[in-house]
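All letters in the sequence shown, in the order written, are residues 2 to 214 by UniProt numbering.
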Amino acid sequence: TIKGCIFDLDGVVVDTAKYHYLAWKRLANELGFEFTEKDNERLKGVSRMKSLEILLEIGNMNFDEEIKEKLAEKKNNWYVEYISKMDESEILPGVKEFITNLKKNGIKIALGSVSKNAGIILENTNLKKYFDAIIDGNKVTKAKPDPEVFLKAAEELGLEPYECIVFEDAVAGIEAAKNANMRVIGVGSDEILKDSDKVISGFEGIDLSILEF
Ligand code: B16
Ligand code: MG
C-alpha cells in the first residue's frame with residue numbers, strides 16, 4: 002500500500018513552468034533565436050545548467066564556461082523576478098484539497114524538486130507547512146532523470162520506494178521516478194506523459210482512489 006506521495010513542484014503544485022519558459026525564451030531571443038513551448042518540454046525537470054546546454058544546442062550556439070555561468074545567472078535573475086511576485090492564488094486548482102485529504106488519511110507528503118528556488122516559491126505560496134519532507138535543488142547533486150531527488154524524499158519520509166507515488170509533469174521526472182522504482186502519475190497531457198503509470202490533467206476532483214493500482 003501507498004504511504005507517501007512525492008510532488009514535483011514546477012508544473013505540478015504551481016505553474017512556475019511558465020515562468021521558466023518565459024525566462025529561457027527571453028534569453029534565447031536576446032541571443033537572437035526563437036524558443037518554442039515545444040522546445041521547452043525538453044527543459045522541464047532538467048537542471049539549470051543542463052537546460053542552458055539544451056537551449057544553446059537549439060540555437061546552434063556555444064560559449065565557454067564563464068559566459069555560460071553568466072547566461073544561466075541572467076535567466077535565473079529574470080525567473081526570480083517573476084516568482085517573487087507569486088502568491089497563494091498561483092497554487093494549481095485542487096492541489097491543496099488533495100494534499101489535505103492525503104494528510105487526513107495518514108499519507109505522508111514530500112516535495113521532490115531539483116529547483117534551487119523551491120524555497121522562495123513555497124514561502125510565497127504558504128505551502129511549506131503541508132510537507133513532511135522537502136527535497137529541492139539545494140539537497141541534490143544529480144538532476145532528474147537521476148532518481149536521487151525521489152530516493153532522498155522517500156528516505157526522509159522513512160519509507161521504501163515502493164510505498165511512494167510520484168506526481169510529475171516532466172518527461173525527465175517520470176523517468177526519474179521509474180529509475181527510483183516508484184509508481185508515477187503524470188500531471189498534464191497524455192501525449193507528453195505517456196510513460197507514466199496514469200495521467201491526470203490536474204488535481205481538481207481527484208480523490209484517494211487515484212492511489213489504487
Ligand atoms: P532552478 P522541478 C525544475 O523543477 C524545473 O522543472 C526545471 O525547468 C528547472 O530548470 C529546474 O527545476 C532547476 O530550477 O533553476 O530554479 O534551480 O520540476 O524539479 O520542480
Ligand atoms: Mg516539474
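Think of the CB as a built atom: it goes at the ideal place given N, C-alpha and C, for glycine as much as any other residue. Quick caveat, the model's predicted, so the values are computed rather than measured.
Short Cβ contact (8 Å threshold) for residue i with residue j
i, j, result
"residue 259", "Phe-168", "Only positions 2 to 214 of the chain appear in this structure, which leaves residue 259 out of reach."
"Ile-166", "Cys-6", "yes"
"Gly-113", "Val-172", "no"
"Ile-100", "Ile-3", "no"
"Val-47", "Ala-144", "yes"
Other residues of its chain near residue i: CB distance less than 6 Å, five sequence neighbours each side excluded
i, result
"Ala-134", "Ala-111, Ala-154, Glu-157 and Leu-158"
Extent of the continuous alpha helix (DSSP H) run through residue i
i, result
"Arg-184", "Not the alpha helix (DSSP H): Arg-184 falls in the beta strand (DSSP E), residues 184 to 188."
"Leu-72", "66 to 84"
"residue 1", "The structure shown has nothing for residue 1, since the chain only spans 2 to 214."
"Gly-120", "119 to 126"
Residue from the options with nearest C-alpha to residue i
i, options, result
"Ser-90", "Arg-184, Val-47, Val-15 and Asn-102", "Val-15"
"Asn-78", "Gly-138, Arg-49, Asp-65 and Met-62", "Arg-49"
"Asp-147", "Lys-105, Ile-175 and Lys-75", "Ile-175"
"Lys-138", "Ile-122, Asn-118 and Tyr-131", "Lys is not the amino acid found at residue 138; the sequence shown has Gly there. Among Ile-122, Asn-118 and Tyr-131, the Cα nearest to that of Gly-138 is on Asn-118."
"Glu-70", "Phe-214, Lys-195, Glu-42 and Leu-28", "Leu-28"
"Glu-161", "Met-183, Asp-65, Gly-60 and Asn-127", "Met-183"
"Asn-63", "Tyr-83, Tyr-80, Leu-32 and Ser-85", "Leu-32"
"Asn-30", "Leu-128, Glu-213 and Leu-56", "Leu-56"
"Phe-34", "Thr-142, Ile-59, Lys-195 and Leu-152", "Ile-59"
Same chain only: Cβ atoms within 8 Å of residue i, ignoring 5 sequence neighbours per side
i, result
"Glu-98", "Phe-204"
"Gly-189", "Gly-12, Asp-170, Val-200 and Ser-202"
"Gly-95", "Gly-203, Phe-204, Glu-205, Gly-206 and Ile-207"
Neighbourhood of residue i by C-beta distance below 7 Å, restricted to the same chain and skipping five residues each side
i, result
"Ala-73", "Arg-49, Met-50 and Leu-53"
"Ser-116", "Leu-10, Asp-11, Asp-137 and Gly-138"
Where the beta strand (DSSP E) through residue i begins and ends
i, result
"Leu-112", "109 to 113"
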